[in-house]
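Q: The structure under discussion is supplied below as structure tokens; questions concerning it will follow.
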């Protein structure tokens, strides 16, 4: 991808794609700035050096959305997710302007799920109330831990006291709240994790996302790796998370996601079920279906490049064609993250390809005990969930 424009990837013509109008459509909005870059983070985020260019960025988002309208014309939007970076750096007035633009330009479904990611270190009750009044109905808080030792090791800008205050304030204001937690942290023991889980469950949030800390390329942790629990200890901690949340009544519905019954994240479910999504903002990705093709797009990553591109009015560039095998793998890479798997008809609906096109890897996965086939439903076995990468490798051709 060049700074001149977003990359676009087209998939070769599928056999029988469902009409685009019948596929669920989500909107993702990326806010690329944060107060400080965390050492484990490989997302497209940039530490804010000067004043947030809020007005200029909102102008760019509006132009970006306007330019994209022909690609999604008339399609209702089911969910909106404002992610980052740290979207809670935006003022409530900015979020209100953004969502007003979305409602003006797109047919937003009544009762659409509208999520905003927030850093507990930016919590102010009046600020969060402003987000709710702007239309946000789901808040996702990046807690990671309640223990000040681990928060410091992770480079977070909040402490345990601020984490508790942010959660209490969020639960008083929003219909649904997600808490992000991490485990297998530097020096963490099962007893430490038990305290974090008890602290989170004490608030009874509607949703929890629990992530194993991994060392990603091009991060500060990759350059200077901390000492982490070994693989066996990390696997034990994963079992500990699953057991504690199951006992508390949460359903483990996706690799890292747990929810009260009926309160799964609708936006992320659309990703995992290979629905469509339009991404606007610096580095945002899209996946859009048309009668004869499926396209992927990526906006310029650096905020300065994105602002320049959005102001230029230039269309997407750098077209390249992907083969059918890539489409098969991408579907499986998403759908097999779901513990319940998928109905076999969804594969053809979302890819335009017959399930027979992946018959051989399906048979192999079943023979190895990684996949279960129950009537029309295909789902990863318990072993398949544990060794998801091994399962997915079978669909790479």
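Residue numbers (my numbering): 10 to 406. Note that beta-carbon positions come from the ideal geometry of N, C-alpha and C, so glycine has one too.
Can you give, in chain order, each stretch of the beta strand (DSSP E) that sits fully within the region 133-195 and has at least 3 residues?
A: Correct list: 147-153, 185-192.
Q: Can you give me the C-alpha to C-alpha distance between residue 10 and residue 315, rounded to a whole angstrom?
A: Residue 10 sits at position 1 when you count from the first residue of the chain shown. Residue 315 sits at position 306 when you count from the first residue of the chain shown. For residue 10, the pLDDT reaches just 37, beneath the cut-off of 50, and the residue's location in the model is therefore unreliable, although a value from the coordinates is still provided. So the two alpha carbons sit approximately 12 Å from each other.
Q: Taking the C-alpha atoms as reference points, what is the distance between residue 42 and residue 116?
A: The residue labelled residue 42 in the question sits at position 33 within the chain shown. The residue labelled residue 116 in the question sits at position 107 within the chain shown. Straight-line Cα distance between these residues: approximately 28 Å.
Q: Apply the 10 Å Cβ neighbour rule to residue 12 and answer buried if 16 or more other Cβ atoms are within range, or exposed otherwise.
A: Reading the chain shown from its first residue, position 3 is the one you call residue 12. Model confidence at residue 12 stands at a pLDDT of 43, short of 50, so the residue's coordinates are unreliable and nothing is read from them.
Q: So what does residue 42 bridge to, in DSSP terms?
A: For the purposes of this step, residue 42 is identified with residue 33 of the chain shown, where counting begins at 1. Per DSSP, 55.
Q: Of the residues 293, 337, 75, 240, which one's Cα is nearest the Cα of residue 114?
A: On the chain shown, position 105 is the one that residue 114 refers to. With distances taken between Cα atoms, residue 114 lies closest to 75.
Q: Do you know whose CA, among 382, 188, 393, 390, lies nearest residue 254's CA?
A: Here residue 254 refers to the residue found at position 245 of the chain shown. Looking at the Cα atoms, 188 is the closest of the given residues.
Q: Our contact map puts residue 77 next to residue 289 with C-beta atoms below 8 Å; I'd like the distance itself, whole angstroms only.
A: Numbered from its first residue, the chain shown carries residue 77 at position 68. Numbered from its first residue, the chain shown carries residue 289 at position 280. At roughly 7 Å, the Cβ-Cβ gap stays under 8 Å, so residue 77 and residue 289 are in contact.
Q: Does DSSP put residue 271 in a helix, a strand or coil?
A: The sequence position of residue 271 within the chain shown is 262, counting from 1. In this structure, residue 271 counts as coil in the three-state DSSP scheme.
Q: Classify residue 125 as helix, strand or coil using the three-state DSSP reduction.
A: Residue numbering aside, residue 125 sits at position 116 when the chain shown is read from its first letter. Residue 125: strand per DSSP, three-state reduction.
Q: If you run the structure through DSSP and keep just helix, strand and coil, what is residue 73?
A: By 1-based counting over the chain shown, the position of residue 73 is 64. If DSSP states are grouped into helix, strand and coil, residue 73 belongs with the helices.
Q: With DSSP collapsed to three states, give me the class of residue 296.
A: Position 287 of the chain shown, counting from 1, holds the residue named residue 296. The answer is strand: DSSP assigns residue 296 an E or B state.
Q: According to DSSP, simplified to helix, strand and coil, what is residue 198?
A: As a first step, residue 198 must be located in the chain shown, where it is residue number 189. Looking at residue 198 - three-state DSSP - the assignment turns out to be coil, as it is neither helix nor strand.
Q: Please specify which runs of the alpha helix (DSSP H), each continuous and at least 4 residues long, are wholly inside the region 205-286, giving them in chain order.
A: DSSP runs (the alpha helix (DSSP H)) wholly in the region 205-286: 229-232, 240-256, 275-281.
Q: Is the Cβ-Cβ distance between residue 186 and residue 215 less than 9 Å?
A: Numbered from its first residue, the chain shown carries residue 186 at position 177. Numbered from its first residue, the chain shown carries residue 215 at position 206. In this structure, residue 215 lies closer than 9 Å to residue 186 by Cβ.
Q: For the alpha helix (DSSP H) containing residue 306, list its first residue and its last residue.
A: For the purposes of this step, residue 306 is taken as residue 297 along the chain shown, with counting starting at 1. Looking at the DSSP string, residue 306 is not in any alpha helix (DSSP H); the run it does join, the beta strand (DSSP E), is 302-307.
Q: Could you give the C-beta distance for residue 252 and residue 260, rounded to a whole number, given that I count them as a contact under 8 Å?
A: In the chain shown, residue 252 corresponds to position 243, counting from 1. In the chain shown, residue 260 corresponds to position 251, counting from 1. Their Cβ separation, rounded to whole angstroms, is 14 Å, which puts residue 252 and residue 260 out of contact at 8 Å.
Q: Could you tell me the alpha carbon to alpha carbon distance between residue 96 and residue 37, rounded to whole angstroms?
A: Here residue 96 is taken as the residue at index 87 of the chain shown, counted from 1. Here residue 37 is taken as the residue at index 28 of the chain shown, counted from 1. Whole-angstrom Cα-Cα distance: 12 Å.
Q: So, with DSSP's three-state summary, where would you put residue 380?
A: The residue labelled residue 380 in the question sits at position 371 within the chain shown. Looking at residue 380 - three-state DSSP - the assignment turns out to be strand.
Q: Starting from the C-beta of residue 295, find all residues in its chain whose C-beta is less than 7 Å away, skip the five residues before and the five after it, and write them out in chain order.
A: Indexing the chain shown from 1 puts residue 295 at position 286. Cβ neighbours of residue 295 beyond the five flanking positions: 286, 287, 288, 305, 306.
Q: Check each candidate in 132, 52, 59, 68 and name the one with the smallest Cα separation from residue 103.
A: Counted from its first residue, the chain shown places residue 103 at position 94. The shortest Cα separation from residue 103 among 132, 52, 59, 68 belongs to 68.
Q: Mind checking which residues open and close the alpha helix (DSSP H) that includes residue 391?
A: By one-based count along the chain shown, residue 391 stands at place 382. Residue 391 -> alpha helix (DSSP H) spans 391-395.
Q: Considering only their Cβ atoms, is the gap separating residue 151 from residue 126 smaller than 9 Å?
A: As a working mapping, residue 126 is identified with position 117 in the chain shown. As a working mapping, residue 151 is identified with position 142 in the chain shown. It is a contact, given that the beta carbons lie within the stated cut-off.
Q: Pick helix, strand or coil for residue 37, following the three-state DSSP scheme.
A: Taking the first residue of the chain shown as 1, we reach residue 37 at position 28. Strand.
Q: On a Cα-Cα basis, can you pick out the residue from 159, 336, 157, 191 that is closest to residue 223?
A: Your numbering for residue 223 matches position 214 in the chain shown. Checking every option, the nearest Cα to that of residue 223 belongs to 191.
Q: Report buried or exposed for residue 236, applying the criterion of at least 16 other Cβ atoms within 10 angstroms of its Cβ.
A: For the purposes of this step, residue 236 is taken as residue 227 along the chain shown, with counting starting at 1. Exposed, since its Cβ has fewer than 16 Cβ neighbours within 10 Å.
Q: Cα-Cα, which of 49, 84, 71 is closest to residue 35?
A: If you number the chain shown from 1, residue 35 lands on position 26. Cα-wise, what sits closest to residue 35 is 84.
Q: By the DSSP assignment, the beta strand (DSSP E) with residue 404 in it spans what residues?
A: Here residue 404 corresponds to residue number 395 of the chain shown, with the count starting at 1. Neither: residue 404 is in no beta strand (DSSP E) and is coded neither H nor E.
Q: Apply the 10 Å Cβ neighbour rule to residue 82 and answer buried if 16 or more other Cβ atoms are within range, or exposed otherwise.
A: For the purposes of this step, residue 82 is taken as residue 73 along the chain shown, with counting starting at 1. Exposed.
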